[in-house]
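J.: Read top to bottom, the protein sequences are chains A and P. 693 is the number that the working numbering gives to position 268 of the first sequence; each next residue is one higher, with no gaps. 114 is the number that the working numbering gives to position 97 of the second sequence; each next residue is one higher, with no gaps. Glycine is no exception: its CB is placed at the ideal position from the N, C-alpha and C atoms. Encoded as structure tokens, here's the structure I'll be asking about.
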Amino acid sequence: MKYIGRKALIMLVTVLIVTMLVFLAFRVIPGDPVLNMLGTSATPEKVEQLREQMGLNRPLPVRYFEWLRDFFFGDMGKSYTYGIPVRSMLADKVPITITLTLMAFVFVVAISIPLGIFTAKHEDKWYSKAIDVLNQITMSIPSFFVGMLITYLFGLILKWFRPGGFVNYKSSLVGFILYLIYPAIAIALPKAAMTVKLLKSSVLKEGKLDYVRTAYSRGNSTDEVLYKHVFKNALIPVITFLGMTLADMVAGSIIVEQVFSIPGLGRLLITSISTRDYPVAQSIIAIIACLVIFINFLVDVLYKTVDPRIR
Amino acid sequence: MKARFMKNKRLYIGAVISAVMVLFAVTGMFFTPYDPNAMDTSAKLAGISLKHLMGCDNFGRDILSRVLSGLGTTMLVALGTVFIGIFFGTLIGAFTGYYGGVADEILMRFNDAVLAFPSLLLALVFISVMGSGKLNVTIALGILFIPSYARIMRGEFLRCKNLDYVRSARLMGASDIRIMFVHILPNTLQVMLSTIAIGFNNAVLAEASMSYLGIGVQPPDSSLGRMLSEAQSYLFIRPGYAICTGTAIALLILGFAMLSEGLEKNA
Chain A
426 MKYIGRKALI MLVTVLIVTM LVFLAFRVIP GDPVLNMLGT SATPEKVEQL REQMGLNRPL
486 PVRYFEWLRD FFFGDMGKSY TYGIPVRSML ADKVPITITL TLMAFVFVVA ISIPLGIFTA
546 KHEDKWYSKA IDVLNQITMS IPSFFVGMLI TYLFGLILKW FRPGGFVNYK SSLVGFILYL
606 IYPAIAIALP KAAMTVKLLK SSVLKEGKLD YVRTAYSRGN STDEVLYKHV FKNALIPVIT
666 FLGMTLADMV AGSIIVEQVF SIPGLGRLLI TSISTRDYPV AQSIIAIIAC LVIFINFLVD
726 VLYKTVDPRI R
Chain P
18 MKARFMKNKR LYIGAVISAV MVLFAVTGMF FTPYDPNAMD TSAKLAGISL KHLMGCDNFG
78 RDILSRVLSG LGTTMLVALG TVFIGIFFGT LIGAFTGYYG GVADEILMRF NDAVLAFPSL
138 LLALVFISVM GSGKLNVTIA LGILFIPSYA RIMRGEFLRC KNLDYVRSAR LMGASDIRIM
198 FVHILPNTLQ VMLSTIAIGF NNAVLAEASM SYLGIGVQPP DSSLGRMLSE AQSYLFIRPG
258 YAICTGTAIA LLILGFAMLS EGLEKNA
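Okay, structure coming up:
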């Protein structure tokens, strides 16, 4: 409990630091948002009036805490480009990105854990070595290129799905999930390859330790030793890695959303950066940042459950 | 030394692939079969032929020439990034690792916070603030990678600072600065090289991703990531365009990944 409390405290502090950095970053941008909104024909009085109205004349720390308060209550300001509240722009995009990331994560775990154990178990066999080579290559292909290869193979040649034919979850949940399978695989494959490699080396490393020899000497079979003893210990570094991977995949989905024309957070973020729609960009980055920090917290908690030695 | 090198298969294959890719990139800086930006309207989306080994893109530009010069751009950005990262990372790592203390504690906590973060996201913050383009991407990625280098180099300095050779140097009256940069630094070379290779890969990947999203390297500089995003529209009629470009990125990353692992194993 004390451990979780401490980690939660660290999480809060990190949220504070990170949001502060994001807030500051978007304050040092050259160019005055008021002038951008009013154009060049603005009179000084009008500029001053709008500045006062938007609260730009108050000191930075005050503005930061107000922004933070509003952010957590869901008020993220208005988009410069569309003039509508950022919140309504993001509301239906957050579930898309989260679903995509989670699906990709499920794929990573589902592919890498069995494959990692399999290759470690049959370390010296030719097929295990073939998987290793394939692994090394998969690892090196950027997820957006994997996405394009998948689009080409499954979308254009085999016609299993229609590229660009994204189905919103509001109209059909099944169609939505079915479409997301392909981008999720694109995100998952390179990460799964890395996880397989890590799990394999971790299992092999654990296999050389004394307790394994003891377990064997007590008459356990290979499978018993592997699943009851080695696996649990070998999983510890993998969990750290998977946690980092999940955080990384939130960001990775930004790119893959672009490949598969999925209208999620990532696409909106890229558009808002290119059109300099700062309130939108700032909110999305802050949301993703908080997600990442929360994931890191969950990993820390999970870590403790798997390895009680950690304090 | 040579036998050991040949035995380490990963290092060997990695070195060969990387060397070939670097050679291509360097060649691309001075010579390409065609001007990478010259448009030949009669050769729009031309297929693979002896005249155009990888075909032509939608503007009739020779893809091979563009891949070659794109490799050069990518590599320059990555090298610049690695240079910024390793230079400041080593400086910070040396002082914090060697002296320790409060400054070390604070910097490392800060480092942890930054490292827990997907680097692409941080790069996007930088780019949205500073604007895109080759130089800005290099600076942004370089700064972003400082913490990871600093952490590793700090570990190395921490490991070395109480070894015998450092103690004897201290007894001989060498100054701290001299111990750090003349005595310890050369001994961190193995680790540093393998870290550089990984960092190089991360930079290549980040640059390609950002250029693919259209917020990285801007035209007229050719970039593999940007080419991939253009190739995507013609995926059905000219899959070769995307495949040639993507394979170039993948090979570059593969070579340096294996190189880095081989170096680590050799250390």
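#1: Could you check whether the stretch 88-100 of chain P touches the stretch 217-234 of chain P, counting it as contact only if at least three pairs of C-beta atoms, one from each stretch, sit closer than 8 Å?
#2: For a cutoff of 9 Å on Cβ pairs, would you count residue 275 (chain P) as touching chain A?
#3: Given this structure, state the Cα-to-Cα distance separating residue 237 (chain P) from residue 525 (chain A), to the nearest angstrom.
#4: Identify whether residue 704 (chain A) lies in helix, strand or coil by the three-state DSSP scheme.
#5: Among the residues of its own chain, which have a CB less than 7 Å from the CB of residue 106 (chain P), if the five just before and after it don't count?
#6: Checking contacts by CB at 9 Å: is residue 569 (chain A) closer than that to chain P?
#7: How about residue 700 (chain A) and residue 506 (chain A): do their beta carbons lie closer than 9 Å?
#8: Taking Cβ positions, are residue 109 (chain P) and residue 124 (chain P) nearer each other than 9 Å?
#9: Using a Cβ-Cβ distance under 9 Å, would residue 249 (chain P) count as near chain A?
#10: As a quick exercise: from A:734, A:731 and A:727, pick the residue whose alpha carbon is nearest that of residue 432 (chain A).
#11: Pull the bridge partners of residue 503 (chain A) from the DSSP assignment, please.
#12: From the beta carbon of residue 231 (chain P), is the nearest beta carbon of chain A less than 9 Å away?
#13: Under 9 Å between the Cβ atoms of residue 138 (chain P) and residue 714 (chain A)?
#14: Thinking just about the alpha-carbon of each residue, which of A:445, A:652, A:545 and A:639 is nearest to the one in residue 708 (chain A)?
#15: Check each candidate in A:653, A:523 and A:625 and name the one with the smallest Cα separation from residue 636 (chain A).
#16: Check each candidate in P:118, P:176, P:275 and P:87 and name the one with the smallest Cα separation from residue 46 (chain P).
#17: Within 10 Å of its beta-carbon, does residue 224 (chain P) have 16 or more other beta-carbons around it, so buried, or fewer, so exposed?
#18: Taking just the CA atoms, how far does residue 610 (chain A) sit from residue 141 (chain P)?
#19: Any residues in the stretch 686-706 of chain A with a beta carbon nearer than 9 Å to a beta carbon of chain P? Which ones, in chain order?
#20: Residues in the stretch 26-44 of chain P with C-beta within 8 Å of chain A's C-beta atoms, listed in sequence order?
#21: Of the residues P:78, P:89 and P:81, which one's Cα is nearest the Cα of residue 269 (chain P)?
#22: If we require 4 or more residues per run, which alpha helix (DSSP H) segments fall completely within the stretch 199-281 of chain P?
#23: Starting from the Cα of residue 624 (chain A), find the closest Cα among A:651, A:605 and A:646 and give me that residue.
#24: Taking its Cβ as the centre, do 16 or more other Cβ atoms sit within 10 Å of residue 548 (chain A), making it buried, or is it exposed?
#25: Distance cutoff 9 Å, beta carbons only. Does residue 239 (chain P) sit that close to anything in chain A?
#26: In chain order, what are the residue ranges of uninterrupted beta strand (DSSP E) at least 3 long that sit wholly in the stretch 151-189 of chain P?
#27: If you check the beta carbons only, do residue 536 (chain A) and residue 614 (chain A) fall under 9 Å apart?
#28: Less than 9 Å between the C-beta atoms of residue 41 (chain P) and residue 85 (chain P), yes or no?
#29: Assign residue 543 (chain A) to one of three DSSP states: helix, strand, or coil.
#30: Give the secondary structure of residue 117 (chain P) by DSSP, where H, G and I count as helix, E and B as strand, and everything else as coil.
#31: I think residue 28 (chain P) touches residue 276 (chain P), with their Cβ atoms under 8 Å apart; what is that distance to the nearest whole Å?
#32: What residues in the stretch 144-160 of chain P have a beta carbon less than 8 Å from any beta carbon of chain A?
#33: Between which two residues does the alpha helix (DSSP H) holding residue 628 (chain A) run?
#34: Under the three-state reduction of DSSP, which class applies to residue 450 (chain A): helix, strand or coil?
#35: Grab the span of the alpha helix (DSSP H) containing residue 662 (chain A) for me, first residue to last.
#36: Below 8 Å on the Cβ atoms is my guess for residue 31 (chain P) versus residue 272 (chain P); work out the distance and round it to an integer in Å.
T.: Put simply:
#1: yes
#2: What you label residue 275 (chain P) is simply residue 258 of the second sequence in a count that begins at 1. It does: the Cβ of residue 275 (chain P) has a partner Cβ on chain A nearer than 9 Å.
#3: Taking the second sequence and counting its residues from 1, the one referred to as residue 237 (chain P) is at position 220. Taking the first sequence and counting its residues from 1, the one referred to as residue 525 (chain A) is at position 100. One C-alpha to the other measures close to 34 Å.
#4: Against the first sequence, residue 704 (chain A) aligns to sequence position 279. Residue 704 (chain A): helix per DSSP, three-state reduction.
#5: Residue 106 (chain P) sits at position 89 when you count from the first residue of the second sequence. 163, 166, 167 and 170.
#6: Start at 1 with the first residue of the first sequence, and residue 569 (chain A) comes out as number 144. Yes - at least one Cβ of chain P is within 9 Å of the one on residue 569 (chain A).
#7: Numbered from 1 along the first sequence, position 275 holds the residue referred to as residue 700 (chain A). Numbered from 1 along the first sequence, position 81 holds the residue referred to as residue 506 (chain A). Closer than 9 Å, so yes.
#8: What you label residue 109 (chain P) is simply residue 92 of the second sequence in a count that begins at 1. What you label residue 124 (chain P) is simply residue 107 of the second sequence in a count that begins at 1. Contact: yes.
#9: As a working note, residue 249 (chain P) is residue 232 in the second sequence. So yes, residue 249 (chain P) belongs to the interface.
#10: The residue given as residue 432 (chain A) occupies position 7 in the first sequence. The shortest C-alpha separation from residue 432 (chain A) is found at A:727.
#11: For the purposes of this step, residue 503 (chain A) is taken as the residue at position 78 of the first sequence. The partner list for residue 503 (chain A) (beta bridge, DSSP) reads A:510.
#12: Sequence index remark: in the second sequence, residue 231 (chain P) carries index 214 (1-based). True, the Cβ-Cβ gap to chain A drops below 9 Å.
#13: Locating residue 138 (chain P) in the second sequence gives position 121, where the first residue counts as 1. Locating residue 714 (chain A) in the first sequence gives position 289, where the first residue counts as 1. Yes, Cβ-Cβ distance for residue 138 (chain P) and residue 714 (chain A) is below 9 Å.
#14: Looking up residue 708 (chain A) in the first sequence gives position 283. That would be A:445, whose Cα lies nearest to the Cα of residue 708 (chain A).
#15: Translated into the one-based positions of the first sequence, residue 636 (chain A) becomes position 211. With distances taken between Cα atoms, residue 636 (chain A) lies closest to A:653.
#16: Taking the first residue of the second sequence as position 1, residue 46 (chain P) is located at position 29. Out of P:118, P:176, P:275 and P:87, P:87 has the C-alpha closest to the C-alpha of residue 46 (chain P).
#17: As a first step, residue 224 (chain P) is located in the second sequence; it is residue number 207 there, counting from the start. Residue 224 (chain P) comes out buried.
#18: Taking the first residue of the second sequence as 1, we reach residue 141 (chain P) at position 124. Taking the first residue of the first sequence as 1, we reach residue 610 (chain A) at position 185. Residue 141 (chain P) and residue 610 (chain A): Cα-Cα distance of roughly 24 Å.
#19: 691, 694, 695, 697, 698, 699, 701, 703 and 706
#20: none
#21: To locate residue 269 (chain P), count along the second sequence from 1; it is residue 252. Answer by Cα proximity: P:89.
#22: 206-229 and 241-249
#23: Counting from 1 along the first sequence, the entry for residue 624 (chain A) is found at position 199. Looking at the Cα atoms, A:651 is the closest of the given residues.
#24: As a position in the first sequence, residue 548 (chain A) is number 123, starting the count at 1. With fewer than 16 other Cβ atoms within 10 Å, it is exposed.
#25: Residue numbering aside, residue 239 (chain P) sits at position 222 when the second sequence is read from its first letter. So, not an interface residue.
#26: none
#27: Residue numbering aside, residue 536 (chain A) sits at position 111 when the first sequence is read from its first letter. Residue numbering aside, residue 614 (chain A) sits at position 189 when the first sequence is read from its first letter. The answer is yes: Cβ separation under 9 Å.
#28: As a position in the second sequence, residue 41 (chain P) is number 24, starting the count at 1. As a position in the second sequence, residue 85 (chain P) is number 68, starting the count at 1. Taking 9 Å as the Cβ cut-off, residue 41 (chain P) and residue 85 (chain P) qualify as a contacting pair.
#29: Counting from 1 along the first sequence, the entry for residue 543 (chain A) is found at position 118. Helix.
#30: Translated into the one-based positions of the second sequence, residue 117 (chain P) becomes position 100. Coil.
#31: Position 11 of the second sequence, counted from the first residue, corresponds to residue 28 (chain P). Position 259 of the second sequence, counted from the first residue, corresponds to residue 276 (chain P). With a Cβ gap of about 7 Å, residue 28 (chain P) and residue 276 (chain P) count as contacting.
#32: 144, 145 and 146
#33: Taking the first sequence and counting its residues from 1, the one referred to as residue 628 (chain A) is at position 203. Where residue 628 (chain A) is concerned, the enclosing alpha helix (DSSP H) stretches over 598-632.
#34: Translated into positions along the first sequence, residue 450 (chain A) becomes position 25. Note: residue 450 (chain A) maps to helix in three-state DSSP.
#35: Position 237 of the first sequence, counted from the first residue, corresponds to residue 662 (chain A). That run of the alpha helix (DSSP H) goes 656-684.
#36: In the second sequence, residue 31 (chain P) corresponds to position 14, counting from 1. In the second sequence, residue 272 (chain P) corresponds to position 255, counting from 1. Rounded, the Cβ-Cβ distance is 6 Å, consistent with contact.
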